[in-house]
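The block underneath contains the structure these notes are about, expressed in structure tokens.
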Amino acid sequence: MARGSPAGEETMTGLNTLRAALCGLALMASTSALALEAGFEKTVDGVVVTPASGPAKKVRLQVMGDRIIHVTATPTDSLAIPPSLMVTARPATAGFTVTASGDSVVLKTAKTSATISLQDGTVGFRDAAGKLVLSERDRGAFIPVKVEGQDFYEVRQQFNPGTDEAFYGLGQHQNGQMNYNGQDVQLLQYNRVVAVPMLLSSKGYGLLWDNNAITRFGNPVPYDLASRDLKIFDAEGKPGGFTARYYVGGKLKVSRVEKDIDYRFLKDLPGWPAEAVDPATKAPMRDQKVVWEGQIQTDKAGVHTFQLYSSDYAKVFVDDQLVIDRWRQNWNPWYHNFSAALTPGRKHKVRVEWNPDGGYIGLLHNDPMAKADRHSLYLTSEVGKAIDYYFVGGDDLDQVISGYRDLTGAAVMMPRWAYGFWQSRQRYETAEQIVGVVKEYRRRKLPLDNIVMDWRYWKDPEWGTHRFDETRFPDPKAMVDEIHGLNAHFMISIWPKFYPTTDNYKELDAKGFMYRRNVEQGAIDWVGPGYKNSFYDPYPAEARAIYWRQVKDNLKALGVDAWWMDASEPDLHSNLDVAERTLRMSPTALGPGAEYFNSYSLVHTQGVYEGERALNPDVRPFILTRSGFGGLQRHASAVWSGDVVARWDDFRDQISAGVNLSMSGIPNWTTDIGGFSVEARYTNKDPAHWAEWQELNLRWFQFGAFSPLFRSHGEFPLREIYNLADEGTEVYQALAWYNELRYRLMPYVYTLAAETYHRDGSLMRGLVMDFPDDRKVRNIDDQYLFGREFLVAPVTSFKARSRDVYLPAGATWYDFETGQRHAGGQTIKAAAPLSRMPLFVKAGSIVPTTVVQQYVGEKPDAPITLVVYTGKDGRFELYEDDGLSNGYERGAYSRIPIAYDDASGRLTIGARSGSFKGMLDRRVIKVRFIGDGARPTDFEMVDASVDYVGQPVVLKRKR
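In my numbering, the protein residues as written are 3 to 961.
Set out below in structure tokens:
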């Protein structure tokens, strides 16, 4: 007994000691039991772990190569999940080790390693040097959901909380986002939006998220109407909603309080006030303006994120500051992101102005995220069976893209002519029109390689027949033959859409290959009086074969060279809410539409690509599609950025859209030069705005000349060069100059194109790809590299005659127009006269050029001029093949290595390797050395010339 301690207290102390001992023993026993429950099994291709705790019952790691590891985590004991549509590679069965290390297991290859916890199944990845580059925060989440009566999960996984790395890829998005760190991105196929769940990091790795459903990067909580999270007050400060005022012809028609701003979809339009509805059309009256005013209040401090979903003219003001001012065509709304720092308890003023002309609008919101969560790699998919992704390591981002293509397929080569200039419009209505355009280009000596037939060449009631209207196109075969006779190619629009009255619909429907809900719902389209319609289901191989046969029998026999596969999201009916969109494409042959929502274009293009390869095994197919998904590049498919609008801000958005699609691993991309949809001030050819229209088209055209594919398209006004400006004017001459420049650069452009297949290269490159150590390039969203040699800085403001250009550190840069040399690591004020776009070339570049030609291959024996930008050593390999066949897959191509030593001024044209049918045994190669002040645009200047016969030649620069 302790002196001075009551007997009862002593007894209690003894009991506490005993309890502590027993708890300790229990904890030890529990931990031992968990360790026994946890375990791992080495497999032929990796390891499977059964975590002791956490939401995942099984976590599997599979080795896909020395830099690639596949992770699958399931909430059940089964790892049986649907086969991947994106990934075609098979796991490796050698070249790795699996070892236990404490409470974790390490899977290691020669180039990377993954450590997986036996306790909770979390995984971390290290590079070849052992540096941790990617780590799961926890084991993710599996939230049960029901889809059409079937059990699925919403799956979430977060990595690298609090990171400052930059993220790129994710497909093509239209909010001017280059670096996604701290941003929200929705991967949901839509006209103008291409969802590719491949992400690249400035830390030198990539992540391919293998899920076909709608996916969110960033905040895992979906955006919703503002009233979900915020208190809303009207213009007088009363709670309950915004004050909404509807004006018609400038006069107030109705004023009321509305809980939210919500006319996002067709189903929402019946909420329009009756006083502002036209009784004859049952639609909102014309010449209308709606203004919402009020205040918002939150109890959460921080930066709140908003989305204005809108079409037509719309503005948003927060605390009297204009934050959004956009226009989009009425039938094609989308999200405009903005943010605002809100103070808890304070009322912040909000004003939204909208001029509806058949359009849609909604104001959505999300609360702030914790800083570590906001700056993380966070992915959420709405429907899935597992968390399923691929870690792709690399020494640089080119290796990461190479790893993506190892997984999903090579970027097969396009025909060489595809890299020339394309002319298109919405639309050529007769055979005479389309042939006449080609003739006019030839008459004016404006280079052209491809003319495009847009939709509605059929009779209006016959959509899906793939047959021309003979009253407007009396002899389609003769039309195509005439185009070919003018040395141009013919691309035609085909859709996955059919009217039920057509034989093609009936054939597919009889097999169960048509989505019927659109017809059953009585949906009619926008053609003539409106027709019932639907899309086919491309997921069964037999359906794809039938679709291809129908297209082949009706169109391929005419001599069609390439396919424009429009509306491949699929866009069954515009302005449906997302839930209804998923039902309209459901069920697919593989499962509910929601499970496969983003993947339609991948299987749709597969059928046409495979059909072409079977029909003409040694001719390169070529497909242009409005949507895309991981793996699309293996189907000879390029993507264009959809029906973007003819506005300066939309033009600027195309830069980051194209760069990020390229950094998603899909190298061939284009845009509607000038924008597809056009404001009335341009459509009406208002003289007050015509100069701006011309300037917008010229600036976009300059950008297009340095895009992977060079294509002019859009609605009225007509887009042909000679319709944009009169011959002899500054605009006409500048358009012609850039058109010719593209053809001068064709040896360079085609070499870049070949490298996308042979070396997994990229034509359009984010600055971070070549300057990873220069942190200043990470967020630049209006510059990019074309190849490794050209720095492109488009002009995206009306009347701008100069712009700031950041020249990345670690290189010296030549102004392409003046030859002036600039040190890297600085921002300069670059001249941008109307006729020229700021363009810079890196010292040490060797750029092969040729003479202007009216079409690719017009002068096969034309001299090659090597333009050498001095000041640094340089290398380049000139690639050549026949430009049309698939012989390149069998090694039928040649390479000429070229090296420049700056110290000695020696240029070595090395021995040619390889050969192909039709290769020139000898050709004239000219050389031009560019030093400070030598104008690269003096195209006829030559410093040396040699008759090259395939053997090494050394030329020396004259000092």
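The beta-carbon is built from N, C-alpha and C at its ideal position, and this holds for glycine as well.
As the structure is a computational prediction, the values presented were derived from the model and not from experiment.
Secondary structure of residue i, DSSP reduced to three states
i    : result
N662 : helix
F144 : strand
P965 : In this structure the chain extends from 3 to 961, so residue 965 is not present and cannot be described.
L754 : helix
T245 : strand
T345 : coil
D949 : strand
P478 : helix
R959 : coil
R407 : helix
W457 : coil
P286 : strand
F941 : coil
H377 : coil
T814 : strand
N686 : coil
Closest residue to residue i among the options (Cα-Cα distance)
i    : options                : result
G667 : A682, Y890, P199       : P199
L344 : K373, W692, M567, T300 : T300
R761 : D321, M371, R407       : R407
G2   : R429, D270, I298       : No information on residue 2 is available, as it lies outside the stretch 3 to 961 that the chain covers here.
A822 : A936, L880, G812, P840 : A small correction: the amino acid at residue 822 is Gln; Ala does not occupy that position in the sequence shown. Of the candidates A936, L880, G812, P840, the one whose C-alpha sits nearest the C-alpha of Q822 is A936.
V402 : D555, P719, S664       : S664
Q191 : T851, W336, L379       : W336
L202 : T117, K919, F219       : F219
G630 : A282, A228, T672, A795 : T672
R897 : D903, D904, D884       : D884
E882 : P417, A845, A905       : P417
G104 : G873, G41, S86         : G41
Contacts around residue i, its chain only, beta-carbon distance under 8 Å, and the 5 residues preceding and following it disregarded
i    : result
G677 : V646, V647, A648, R649, D652, F653, L698, W702, G716
P57  : P77, R141, G142, A143, F144
H350 : Q297, I298, Q299, V320, D321, A342, L344
T410 : M88, V89, T90, A91, L210, G632, G633, Q635, R636, G667
S80  : K60
N183 : T165, D166, E167, A168, F169, H377
Cβ neighbours of residue i in the same chain (closer than 6 Å, five flanking residues each side left out)
i    : result
R959 : G907, F931
V318 : L310, V325, I326, V354
G893 : none
V779 : L769, V770, F773, P810
R925 : Y950
A833 : S804
N556 : H468, R469
First through last residue of the alpha helix (DSSP H) which encompasses residue i
i    : result
K554 : 543 to 556
V440 : 433 to 446
M771 : 769 to 772
Delimiting residues of the beta strand (DSSP E) encompassing residue i
i    : result
L743 : No beta strand (DSSP E) contains L743, which is instead part of the alpha helix (DSSP H) from 732 to 746.
G252 : Run containing G252: none; DSSP gives neither H nor E here.
S714 : 712 to 714
R897 : 895 to 903
N357 : 350 to 357
G873 : Taken as a continuous stretch (DSSP letters only), G873 belongs to no beta strand (DSSP E), as it is neither H nor E.
P199 : 196 to 203
Close beta carbons around residue i, own chain, < 7 Å, minus the five adjacent residues each side
i    : result
R838 : E819
C25  : At C25, the pLDDT of 39 sits below 50, so the modelled position is not reliable and the matter cannot be decided from this model.
D732 : Before going on, a small fix: residue 732 reads as Glu here, not Asp. Answer for E732: L836, S837, listed in chain order.
ask   = Per the contact definition of three or more C-beta pairs closer than 8 Å, is the stretch 684 to 694 in contact with the stretch 779 to 787?
value = no
When you compare the stretch 392 to 401 with the stretch 207 to 214, are there three or more beta-carbon pairs, one atom per stretch, that lie closer than 8 Å? yes
Q. How about the stretch 825 to 841 and the stretch 799 to 808: do they share at least three Cβ pairs that are nearer than 8 Å?
A. yes
Kindly confirm or deny that the stretch 43 to 55 and the stretch 89 to 101 touch, where touching means at least three C-beta pairs closer than 8 Å. yes
| Taking contact to mean at least 3 C-beta pairs separated by less than 8 Å, is the stretch 920 to 931 in contact with the stretch 864 to 872? | yes
Inter-stretch contact (C-beta, 8 Å, three-pair minimum) for the stretch 575 to 593 and the stretch 533 to 541: yes
Report yes or no: do three or more beta-carbon pairs, one from the stretch 516 to 533 and one from the stretch 602 to 618, lie closer than 8 Å? no
At least three beta-carbon pairs within less than 8 Å, the stretch 469 to 485 to the stretch 509 to 518 | no
I'd like to know if the stretch 176 to 185 and the stretch 539 to 549 are in contact, where contact means that at least 3 CB-CB pairs between them fall below 8 Å. no
* Touch test, the stretch 247 to 259 against the stretch 284 to 292, Cβ-Cβ under 8 Å, three pairs minimum -> yes
>> Taking 8 Å as the cut-off, does the stretch 791 to 801 touch the stretch 910 to 922 (at least 3 CB pairs, one atom from each stretch)?
In response: no
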